[in-house]
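In my numbering, the protein residues as written are 5 to 404.
Glycine included, each C-beta is placed from N, C-alpha and C at the ideal position.
It should be emphasised that the depicted structure is a prediction, and the values quoted were computed from it without experimental measurement.
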Amino acid sequence: MQELLEMLLTHYGQEHMRPGLERIRQALKKILPHFSQTKIVIIAGTNGKGETTLRLSKLLKDHSHFVWTSPHIERITERFRSENGEIDLAHLREVVEACHQVVQQEKLELSFYEFLFFVFCTWAAENPPEYLLLEVGLGGKLDAVNVFDADLVLLPSVSRDHQEILGRRFDQILSEKLGTLRPGSLLIHYLESHYLLERAQIIAECVGAKVVALKSQLNLPAYEFSLRNEALAGAAYCHLAERAFIGNEWNRPVALLEHRGEVLKNQHEWIFFGSHNVDGLRKLIQFLHSGTYTFPRPPFDLVIMAFSKRNLQDIRVMMKMAKRAGLGKMVVTVFDHPKAMPSDVMEALSREEGSEFVQDIVSYVRGQEENQRILVTGSYYFIGTIKSLLGGQCSSINPG
Numbered sequence: 005m006q007e008l009l010e011m012l013l014t015h016y017g018q019e020h021m022r023p024g025l026e027r028i029r030q031a032l033k034k035i036l037p038h039f040s041q042t043k044i045v046i047i048a049g050t051n052g053k054g055e056t057t058l059r060l061s062k063l064l065k066d067h068s069h070f071v072w073t074s075p076h077i078e079r080i081t082e083r084f085r086s087e088n089g090e091i092d093l094a095h096l097r098e099v100v101e102a103c104h105q106v107v108q109q110e111k112l113e114l115s116f117y118e119f120l121f122f123v124f125c126t127w128a129a130e131n132p133p134e135y136l137l138l139e140v141g142l143g144g145k146l147d148a149v150n151v152f153d154a155d156l157v158l159l160p161s162v163s164r165d166h167q168e169i170l171g172r173r174f175d176q177i178l179s180e181k182l183g184t185l186r187p188g189s190l191l192i193h194y195l196e197s198h199y200l201l202e203r204a205q206i207i208a209e210c211v212g213a214k215v216v217a218l219k220s221q222l223n224l225p226a227y228e229f230s231l232r233n234e235a236l237a238g239a240a241y242c243h244l245a246e247r248a249f250i251g252n253e254w255n256r257p258v259a260l261l262e263h264r265g266e267v268l269k270n271q272h273e274w275i276f277f278g279s280h281n282v283d284g285l286r287k288l289i290q291f292l293h294s295g296t297y298t299f300p301r302p303p304f305d306l307v308i309m310a311f312s313k314r315n316l317q318d319i320r321v322m323m324k325m326a327k328r329a330g331l332g333k334m335v336v337t338v339f340d341h342p343k344a345m346p347s348d349v350m351e352a353l354s355r356e357e358g359s360e361f362v363q364d365i366v367s368y369v370r371g372q373e374e375n376q377r378i379l380v381t382g383s384y385y386f387i388g389t390i391k392s393l394l395g396g397q398c399s400s401i402n403p404g
């Protein structure tokens, strides 16, 4: 797998946002017609789109479908799923090689993200499915997945993130995400504020799309983000299956997913919750202090945080929030990844915020007493790094 990643990085560089559909439309011009009978589901939003996508895939287990998500956390094959699970690595290599030849022959200029989406579409076109589930990478209107005309658009949340690209105002951000709508599309969302509800309705009407606002049918607390995402996936499933959606049927306990409440056990108990932006961390803290998690003392012995590259003010806010949350002893660390915040920056920020900074988190944890309950949060890339370091040492004790 490492050899494949190195080949991709050599030819397509690091993953970063390159807005625009011209490049991917050129690459897919011979492939798009294969999906003329396929229902296209695009999942956009600030937080929750990955979880909503995977939950919908589980509900569609008896139907042929392919699932595109990004980024990958531990394995590149995570981006390529179907009702049969992740793509076989050997087959992925074959499709990558074939697509790379096309790129060279046709002199296409694709980014890392665009090339992998080209690979995904080529793979899916081998056996065109009933459904394509496409998670937006960033924004929506100018993301590669928007080369498809969506029959159904799902929107779990809207908040501020990537403001340098999407804008600082909520109406700007919402417009970018709903740029995935088409005439005749259906939008199902779980927006909360009256302003966003009204704006979503206006945007959809201007496009000629219909809207279902789930909050009016199932009013769940904001911190129950997994329940909300499951309900959104359930509403999508009912629409696709032409079944009635009964909100209360989806107000039920849900199984936790990889990186989202996953629990692993060795000499310690590790709990993984990715929360890579301010709104995501706020909801996580609310969840951990809700009725779902009730503790007579701080719920964790240790809270470990690390961040991907992003606005420094956002990181300061997140560090303050985590420190005040009373979840347990908090340490800030760094990790080895092209998108990780630099060590010197994080050390300086930790000093400014009065947080403990640990350069070598592995040695730090080894020095702790056994049977610690450890929350790992922040960047999803960081979660993937920690899980890789743990390797085969852990057993899963996840419910469901």
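Three-state secondary structure (DSSP) at residue 179?
For this step, residue 179 is matched to residue 175 along the sequence shown. Here residue 179 sits in helix by DSSP.
Which same chain residues, not among the five before or five after residue 149, have their C-beta less than 8 Å away from its C-beta?
Residue 149 sits at position 145 when you count from the first residue of the sequence shown. So the list reads 46, 72, 121, 138, 139, 140, 141, 184, once near-sequence residues are dropped.
Can we say the stretch 310 to 326 touches the stretch 345 to 359, given the rule of at least three CB pairs closer than 8 Å?
Yes, the stretch 310 to 326 touches the stretch 345 to 359.
Is the Cβ-Cβ distance between residue 255 and residue 163 less than 8 Å?
As a position in the sequence shown, residue 255 is number 251, starting the count at 1. As a position in the sequence shown, residue 163 is number 159, starting the count at 1. Going by C-beta atoms, residue 255 is not nearer than 8 Å to residue 163.
CB-CB under 6 Å to residue 291, same chain, minus the five flanking residues each way: which ones, in chain order?
As a first step, residue 291 is located in the sequence shown; it is residue number 287 there, counting from the start. The residues are 227.
I need the straight-line Cα distance from residue 379 to residue 65, nearest angstrom please.
Residue 379 sits at position 375 when you count from the first residue of the sequence shown. Residue 65 sits at position 61 when you count from the first residue of the sequence shown. For residue 379 and residue 65, the distance between alpha carbons rounds to 31 Å.
Helix, strand or coil for residue 93, going by three-state DSSP, please let me know.
For the purposes of this step, residue 93 is taken as the residue at position 89 of the sequence shown. Three-state result, residue 93: helix.
Residue 333 by DSSP, collapsed to three states: which one?
Numbered from its first residue, the sequence shown carries residue 333 at position 329. In the structure shown, residue 333 sits in a strand (DSSP, three-state: E or B).
Identify, in the order they occur along the chain, each residue of the same chain with its Cβ nearer than 8 Å to the Cβ of residue 327, setting aside the five sequence neighbours on each side.
In the sequence shown, the residue the question calls residue 327 occupies position 323. If we look at residue 327 and ignore the five residues flanking it on each side, its Cβ neighbours are 334, 357, 358, 359.
Please list, in chain order, all residues of the same chain as residue 179 whose beta carbon is under 7 Å from its beta carbon, the five residues on each side excluded.
Locating residue 179 in the sequence shown gives position 175, counting from the first residue. Cβ neighbours of residue 179 beyond the five flanking positions: 207.
Beta-carbon of residue 198 versus every beta-carbon of chain D: anything under 8 Å?
No chain D is present in this structure, which holds just one protein chain.
Taking its Cβ as the centre, do 16 or more other Cβ atoms sit within 10 Å of residue 94, making it buried, or is it exposed?
In the sequence shown, residue 94 corresponds to position 90, counting from 1. Exposed, since its Cβ has fewer than 16 Cβ neighbours within 10 Å.
Contact between the stretch 274 to 281 and the stretch 81 to 99 is defined here as three or more beta-carbon pairs at a separation below 8 Å; is this criterion met?
Output reads no: the stretch 81 to 99 does not touch the stretch 274 to 281.
Quick one: measure Cβ to Cβ for residue 331 and residue 303, integer angstroms, because I've assumed they're closer than 8 Å.
In the sequence shown, residue 331 corresponds to position 327, counting from 1. In the sequence shown, residue 303 corresponds to position 299, counting from 1. At roughly 6 Å, the Cβ-Cβ gap stays under 8 Å, so residue 331 and residue 303 are in contact.
Do you know how far the Cα of residue 25 is from the Cα of residue 4?
Residue 4 is absent from the model: the chain starts at 5 and stops at 404.
Quick one, are the C-beta atoms of residue 19 and residue 117 less than 8 Å apart?
On the sequence shown, position 15 is the one that residue 19 refers to. On the sequence shown, position 113 is the one that residue 117 refers to. A contact, by the Cβ cut-off of 8 Å.
Does the separation of the CB atoms of residue 389 and residue 309 fall below 8 Å?
Within the sequence shown, residue 389 is the residue found at index 385, counting from 1. Within the sequence shown, residue 309 is the residue found at index 305, counting from 1. No. Outside cutoff.
Note the first and the last residue of the continuous beta strand (DSSP E) segment covering residue 360.
The residue labelled residue 360 in the question sits at position 356 within the sequence shown. Note, residue 360: beta strand (DSSP E), 360 to 362.
How would you call residue 393, buried or exposed, if buried means at least 16 neighbouring beta carbons within 10 angstroms?
Looking up residue 393 in the sequence shown gives position 389. Under this definition residue 393 is an exposed residue.
So residue 279 is in the alpha helix (DSSP H); what residue range does that whole segment cover?
On the sequence shown, residue 279 is found 275 positions in, with the first residue counted as 1. No alpha helix (DSSP H) holds residue 279; DSSP gives it neither H nor E.
Could you check the C-alpha separation between residue 343 and residue 127 for me, to the nearest Å?
In the sequence shown, the residue the question calls residue 343 occupies position 339. In the sequence shown, the residue the question calls residue 127 occupies position 123. Distance between the alpha carbons of residue 343 and residue 127 is about 27 Å.
What number of angstroms, rounded off, separates the C-alpha of residue 197 from the C-alpha of residue 44?
Stepping through the sequence shown from its first residue, residue 197 is reached at position 193. Stepping through the sequence shown from its first residue, residue 44 is reached at position 40. When rounded, the distance between both Cα atoms is 28 Å.
In the structure shown, what three-state DSSP assignment does residue 266 receive?
The sequence position of residue 266 within the sequence shown is 262, counting from 1. Looking at residue 266 - three-state DSSP - the assignment turns out to be strand.
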